[in-house]
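At position 13 of the sequence shown the residue is numbered 12 (numbering that gives the first Met the number 0), and the sequence of numbers has no breaks.
Note that beta-carbon positions come from the ideal geometry of N, C-alpha and C, so glycine has one too.
What follows is one structure encoded as structure tokens, with my remarks underneath.
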Amino acid sequence: MDKKLVLLLEDQINKEIYSAYLYLGMSDYYLNEGFDGFAHYFKEQAKEEFEHAEKFIEHMQDLDLDYSFKGIEGVSNHYEDLEKPLLVQVEHEKYVTKLINDLYELANTLNEVPTKLFLETFILEQVEEEKRSRDLLKQFSFVKDDKSALLKMNSQLSKRD
Ligand SMILES: [Fe+2]
Ligand SMILES: [Fe+2]
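Written out as structure tokens, the structure is:
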């Protein structure tokens, strides 16, 4: 396989684990603010990101490609207000979508069919991830000035699996 594609796949393992780390930081922030439902939401999101990383690892193993585990950049568990992590999440998911799309484009140009098919599931996954992050931000903007509605949202989020 082309070296650039191998390196980008390897990099995506790191990016997915970074995403998990980013969301764990947000989970920690909400827990400290007393919003256990929001904390739970982001903890579950972090688990999903670890699963994404595992899928990239498995794909590289299946194709007998060499890869290494690079260092994970630090993240914050402090945010200026309750809305900020939700804004960051929307932007981060858009960024990840761009990474996946770029990977797909390269796999397509190189006609690496198994990797193309593998990445197609992630393209659809990113549609869902972006939608979920946007919906959460919208929902929050409706309730942010109403304490009882905000607490209700918090308790709904505690049911996410
Ligand atoms: Fe992901
Ligand atoms: Fe994601």
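Identity of the residue in the options nearest residue i by Cα
i: Q44; options: E129, F141 and D144; result: E129
i: N100; options: V87, L85, Y17 and L116; result: L116
i: L23; options: F37, I12, G33 and A106; result: F37
i: K14; options: E111, L4 and L98; result: L98
i: S75; options: I122, E124 and V87; result: V87
i: K51; options: S140, F139, D160 and Y17; result: Here residue 51 is His; the residue named in the question, Lys, does not match the sequence. Among S140, F139, D160 and Y17, the Cα nearest to that of H51 belongs to Y17.
i: H58; options: K93, P113 and Y94; result: P113
i: L150; options: E32, A19, E79 and L21; result: E32
beta-carbon residue i near ligand 1 non-hydrogen atom, thresh 6 angstroms
i: S18; result: yes
i: H51; result: yes
i: E48; result: yes
Residue i: CB within 6 angstroms of a non-hydrogen atom of ligand 4
i: H39; result: Of the ligands this structure carries, namely ligand 1 and ligand 2, none is ligand 4.
Any non-hydrogen atom of ligand 2 within 6 angstroms of residue i CB
i: E92; result: yes
i: E127; result: no
Proximity test, Cβ basis, 7 angstroms: residue i and chain C
i: L6; result: The displayed structure is made up of one protein chain only, and chain C is not part of it.
Unbroken alpha helix (DSSP H) run spanning residue i, endpoints
i: S154; result: K146 to L156
i: D1; result: First-last for D1: undefined, no H or E at that position.
i: F131; result: Before going further, note that residue 131 is Arg rather than Phe in the sequence given. Counting along the chain, the alpha helix (DSSP H) containing R131 begins and ends at V112 to V142.
Quiz item: Where in the stretch 7-78 do unbroken runs of the alpha helix (DSSP H), each at least 4 residues long, occur, reported from the N-terminal end onward?
Solution: For the stretch 7-78, the continuous alpha helix (DSSP H) assignments of 4+ residues that do not extend past its boundaries occur at 35-61, in sequence order.
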